[in-house]
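Each number in my numbering comes from the position in the sequence shown (counting from 1) with 1244 added on. Built from N, CA and C at the ideal position, the CB exists for glycine as well. Computed from a prediction, not measured in an experiment: that's the story for all the values here.
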Amino acid sequence: MRNPEIISSYLQSEITRGSFPGAQYVIGEDQEIIAEGAIGCALVEPERVPVTIETIYDMASLTKPLVTALSVIRLAYRGILDLKAPLGAYLREFEDKREITLLQLLTHTSGLPNWLPLYLETQDRAEVPAVIARILLDSRPAGAAREVIYSDLNYILLGFVLERVTGERLDKFAKREIFDPLGLRRTMFNPPSELRHEIAATEHGQTFELANAVADVTARRRLMGVDTPVRFAADDHDASMLELFITGPSGVSSSASSSRYHWRKNLIWGEVHDGNAHFMGGIAGHAGLFSTAREAFRLANQYLPGSELLNIESLDMVTKNLTPGCSTSRSIAWILAQTPDCSAGPALPPTAFGHNGFTGTSIWMDPHTRRVFVLLTNRVHPRLDAIDMKGIRQRFNKLAVEMLSGL
1245 MRNPEIISSY LQSEITRGSF PGAQYVIGED QEIIAEGAIG CALVEPERVP VTIETIYDMA
1305 SLTKPLVTAL SVIRLAYRGI LDLKAPLGAY LREFEDKREI TLLQLLTHTS GLPNWLPLYL
1365 ETQDRAEVPA VIARILLDSR PAGAAREVIY SDLNYILLGF VLERVTGERL DKFAKREIFD
1425 PLGLRRTMFN PPSELRHEIA ATEHGQTFEL ANAVADVTAR RRLMGVDTPV RFAADDHDAS
1485 MLELFITGPS GVSSSASSSR YHWRKNLIWG EVHDGNAHFM GGIAGHAGLF STAREAFRLA
1545 NQYLPGSELL NIESLDMVTK NLTPGCSTSR SIAWILAQTP DCSAGPALPP TAFGHNGFTG
1605 TSIWMDPHTR RVFVLLTNRV HPRLDAIDMK GIRQRFNKLA VEMLSGL
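Structure below.
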C-alpha cells in the first residue's frame, strides 16, 4: 500500500532536528505525480511563513541540468552547437585555448577549478568569460589529463555560449524555449518582488561565501609571494566589504588590480543565494533558477522517455557514462548513481542519475522505471550549519522507492 505520510513524517523529523526549516517534495512515475507534500516553514526569521505546495524555491545548481544543459542539448540537435567543438568557436575569449570543448564543460572535465569569486575580478558581467580565461587557463598545460572537477565555472561559460549563439539573455531564451512550451508558471529567473512571500528564504547574509572568498584570495596571494592578511571590513560578525589587492613581490599594489564587492548582510529572500549569480544580475548558467517541486518534476521528465523537448538520441547522452575511469561517473549534466557514495543511495540502481543544489535541493531519476524524486529544502535558512544532506537525500530516495513499490 502506498503511504506518502511516511515520507512527510520523515521530513518533519528532520525539521524538528533542525536540518532545515521546511521541505517540499514530489514523487512520480511515468510522468504522473504519485505523492507530494509541503512541510514546515519557508521562512522562520523574522516571521514564520508555512511552506505550501506552491512555494517557490531557489534551485541553485539544479539550474545546470534543468536549464543550461537542456538548452545546449536542444541546440546541438538543431545543429546550432557542436558539442565536440572547441569553446573558442563560440566564445572569442577562448580562441587560443582550443583544447577545451563544450562536452568537457558539460561533463565537468574541462580542468577548471570548482569555484572562483568572479565578483572580485570584474565589475562587468560581460567580462566574466575573459576573467575566467585570463586567470585560470593561462598556466594550465595543453593536453593535461582530464579528471572530473565539478565546477560552477563550466556552466557559467555554457550560459554565455547560449547567449552568444542565440542573441538572447539566458532567462528570456529559457522562458521561450522551455518554460512556456511546458506551461510552467512558477519557474523563472529573478522572481518579481510581489512573489517574495511565496518564496522560501535562504541565508541571512553571505557568511559562508565570504569565508570561501577570503580563503581563495589568500591562497592566490601566497602563490604570488604575498603573505599579508586579506583585508575586509566587518560589522557585527558579518562582512560588509572585502578588499582585494593583488600585489607583486615588492608589496606595491596597483589600483587597477584592486576590486571591491559589497556583501549582502540582510536576509536573502526572493533573490538568488549564489554570489556569482547575484553579481551577474541573477541570470547565470550555473544558478539563478527558481521553481516548485511540481514544476521541477515536469522539467526533470524532459530527460526521460516521453520527453516533449528531447528526442531519443539526445536522451542517450544523459544516461551514458561519459567519464569512464574517473572517480565520478557523469553523463551530460548529471551524476550517475554508479558513483560511489553519492546522494542517490543504495535504493536506486546504478543507472539512475541526479543532481543536487547547494540551497538544499535535489532531483534523482530512474530511467528504467521512469521514476522521479524531487526534494526541495532551504537548508541554508536562516544560516548555514553542518548538515548531512547526503544522508537525508538517500533516506528520502529509499522511502520514495519503497512507497512506489508498495513495500
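How is Ile1631 classed by DSSP in three states: helix, strand or coil? coil
Below 8 Å on the Cβ atoms is my guess for Pro1330 versus Gly1281; work out the distance and round it to an integer in Å. The C-beta separation of Pro1330 from Gly1281 comes to about 46 Å, leaving the pair out of contact by the 8 Å criterion.
Relative to the C-alpha of Tyr1363, which residue among Asp1460, Phe1541, Pro1425 is closest? Considering only alpha carbons, the answer is Asp1460.
Is Met1647 helix, strand or coil by DSSP? helix
For Lys1328 and Phe1541, I'd like the C-alpha separation in whole angstroms. About 30 Å.
Kindly give me the distance between the Cβ atoms of Asp1302 and Phe1534, rounded to whole angstroms, as I take these residues to be in contact under 8 Å. Indeed they touch by this definition, with Cβ atoms about 6 Å apart.
Quick check on Thr1431: buried or exposed, where buried means 16 or more other Cβ atoms within 10 Å of its Cβ? buried
Ala1267 classed as buried or exposed, judged by whether at least 16 other C-beta atoms fall within 10 angstroms: buried
Grab me the residues of Ala1286's own chain with a C-beta within less than 6 Å of its C-beta, minus the 5 sequence neighbours each way, in chain order. Gly1266, Val1293, Val1295, Thr1299, Ala1444
Measuring alpha carbon to alpha carbon, tell me which of Gln1367, Glu1291, Ser1354 ends up nearest Ala1377. Ser1354
Report back the beta-carbon spacing between Ser1315 and Glu1421 to the nearest angstrom; my notes put them in contact at under 8 Å. 6 Å
Could you say if the stretch 1601-1615 and the stretch 1248-1257 meet the contact criterion of at least three C-beta pairs nearer than 8 Å? no
Using a Cβ distance threshold of 8 Å, determine whether the stretch 1365-1374 contacts the stretch 1590-1599, with at least three qualifying pairs required. no
Note down, in chain order, each residue of its chain lying with its Cβ closer than 7 Å to the Cβ of Glu1515, except the 5 sequence neighbours on either side. His1522, Gly1526
What residues are listed by DSSP as bridge partners for Arg1615? Glu1273, Asp1610
DSSP three-state label for Gly1519, please. helix
His1625 and Thr1446 closer than 8 Å at C-beta: Closer than 8 Å, so yes.
Inter-residue CB distance, Gln1569 and Thr1312 (contact presumed, cutoff 8 Å): According to the sequence as given, residue 1569 is Gly; it is not Gln. Their Cβ separation, rounded to whole angstroms, is 26 Å, which puts Gly1569 and Thr1312 out of contact at 8 Å.
Length of the line joining the Cα atoms of Gly1323 and Met1561: 16 Å
Please state the DSSP three-state secondary structure of His1481. Caution applies to His1481, whose pLDDT of 36 falls short of 50 and renders its modelled position unreliable; the model cannot decide the point.
Under the three-state DSSP convention, the category Ala1267 falls into: DSSP places Ala1267 in the strand class (E or B) of the three-state scheme.
Can you grab the Cα-Cα spacing for the pair Thr1567 / Thr1260, in whole Å? For Thr1567 and Thr1260, the distance between alpha carbons rounds to 40 Å.
Which class does Asn1600 belong to by DSSP, given the choice of helix, strand or coil? strand
Quick one: residues in its chain with C-beta nearer than 6 Å to the C-beta of Leu1543, no 5 flanking neighbours on either side, listed in chain order? Leu1310
Compare the Cα-Cα distances from Leu1439 to each of Leu1454, Gly1469, Trp1513, Leu1397 and report the closest residue. With respect to the C-alpha of Leu1439, the residue from Leu1454, Gly1469, Trp1513, Leu1397 having the closest C-alpha is Trp1513.
Unbroken alpha helix (DSSP H) run spanning Ser1558, endpoints: 1556-1560
Taking the beta carbon of Ala1577 as the centre, do at least 16 other beta carbons fall within 10 Å, making it buried, or is it exposed? Per the 10 Å Cβ criterion, buried.
Helix, strand or coil at Ile1393 [DSSP, three-state]: coil
Proximity below 8 Å, CB of Leu1648 to CB of Glu1276: Against a cut-off of 8 Å, the Cβ pair of Glu1276 and Leu1648 comes out as no contact.
I'd like to confirm the pairing. Which residues does DSSP put opposite Ile1579 in its beta bridges? Arg1574, Gly1598
Enclosing beta strand (DSSP E) for Phe1534 [first to last residue]: 1533-1535
Which residues does DSSP pair with Ala1282 in a beta bridge? Note: Ala1282 sits in a beta bridge opposite Gln1268.
Those runs of the alpha helix (DSSP H) which lie wholly inside the stretch 1293-1324 and span at least 4 residues: Runs of the alpha helix (DSSP H) inside the stretch 1293-1324: 1314-1321.
Is Asp1274 near the ligand ZN, in the sense that its beta carbon is under 7 Å from a heavy atom of that ligand? Questions concerning the ligand ZN fall outside what the structure shown contains, since it holds no ligand whatsoever.
Do you know how far the Cα of Ser1263 is from the Cα of Gln1348? 35 Å
List the endpoints of the continuous alpha helix (DSSP H) containing Ile1660. No answer is possible for residue 1660: it lies beyond the span of the chain, which begins at 1245 and ends at 1651.
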